[in-house]
Amino acid sequence: MNNQMDNQNCDFNSSDLMLKGFKVYKLNDDISKIPVYSRRDFYKICINTSQSRIHYADRGIETDGTILFFGNPIIPYSWETISQEYEGYACVFTEEFLKAKDRSETLHESPLFKIGGTPIFSLTPEQKVFIDSLFQKMIKEYETDYVFKDDLMRNYINLIIHESMKMQPSENFFRHKNASSRITSLFLELLERQFPIETKDQPLCLKTPQDYAQSLSVHVNHLNRSVKEVTGRPTTAHITDRIITEAKALLQHTDWSISDIGYSLGFEYPSYFNNYFKRLTGTVPKSLRM
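This is the structure we're talking about:
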């Protein structure tokens, strides 16, 4: 058996990804021998034909054929390629890249990427040919100088997403008994329900791990341990990231004053919001205003 893992299954530079927000590539054979869980800072869509075993949060699935996989940056996963032969394509992208001009629901709420969702689909030969063709087109366009290349890549990604939502998800999951995953799922869903901010007159209610623990009727230490165990990141990091993401969206897509934006996000004084934003992003809120 050839145990292998997909986190080396690409040839991109992570700094290049963060600069452009997107990368597409054909899977190669430069794969680590040891399958371990890891957390990525980006979303991933992968089509793979092989015999594999995938562990995703508290679930796992064994595959033998072609599958389409949707990776979430919140949930760590490992991928063991058991068979000697495999083939496929993958693309990785940030939420900011995919939703550059759209403030609709976040990817965390998508049926394909949300916590507790089903991220793996088994493909028929016809579906494989179609999805392969979309990845091949992305790879071809990725090397061009087309001025609207980013928009074209977003269209391809969205087409894959919509085609996948019409498929039936795989039912071959085995579930690990892990109470931490349930608490983490509830926390992340509750976090997402606080957004987007629709009015500047009602400030964010839940701002700290203690607030979320109280709403979930659990001790804050239990919440923190669970979230750290499942995602590899502290509870505060998830809350902070989501507040900063919303702050950037409000700064770029509304005409609210900076003080109103800070108040809507739970900062009583503009100076608190400015200091918080600068500490976490390295720049002041005003710099995001066009």
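With UniProt numbering, the residue at position 120 of the sequence shown is 120, and numbering never jumps.
Positions of the beta carbon are idealized from the N, C-alpha and C atoms, including for glycine.
By DSSP's criteria, residue i is part of a beta bridge. Which residues make up the other side?
i, result
"V92", "K23 and K44"
"G71", "K44"
"D64", "Q51"
Rank the options by C-alpha distance to the C-alpha of residue i and give the top, closest one.
i, options, result
"P196", "T235, T254, D211 and M167", "T254"
"D132", "F42, L216, V227 and K26", "K26"
"F93", "A179, K286 and K20", "K20"
"E163", "L123, F267 and S271", "L123"
"S78", "Q136, S226 and F69", "F69"
"I243", "V220, N221, F267 and E229", "F267"
"K137", "S217, E192 and N155", "N155"
"T63", "I161, E126, R289 and F121", "F121"
Looking at residue j and residue i, is the spacing between their C-beta atoms short of 8 Å?
i, j, result
"P119", "G71", "yes"
"M153", "F22", "yes"
"L223", "I183", "yes"
"Y263", "P209", "no"
"I82", "L188", "no"
"Y43", "L107", "yes"
"K128", "T66", "yes"
"Q194", "L206", "yes"
"L265", "A237", "no"
"S287", "P270", "no"
"S215", "L191", "no"
Roughly how far, in whole angstroms, is the beta-carbon of residue i from the beta-carbon of residue j, given that I think they are within contact range, below 8 Å?
i, j, result
"R53", "E80", "4 Å"
"P76", "T231", "7 Å"
"A90", "C46", "4 Å"
"V24", "I139", "5 Å"
"I239", "L251", "Going by Cβ atoms, the distance from I239 to L251 rounds to 19 Å, so no, they are not a contact pair."
Any idea what DSSP makes of residue i, helix, strand or coil?
i, result
"I161", "helix"
"Y276", "helix"
"R53", "strand"
"F187", "helix"
"Y156", "helix"
"D150", "helix"
"F195", "coil"
"R289", "coil"
"F113", "coil"
"T208", "coil"
"S83", "coil"
"F121", "strand"
"Y77", "strand"
"C232", "It should be noted that the sequence gives Gly, not Cys, for residue 232. Three-state result, G232: coil."
"E126", "helix"
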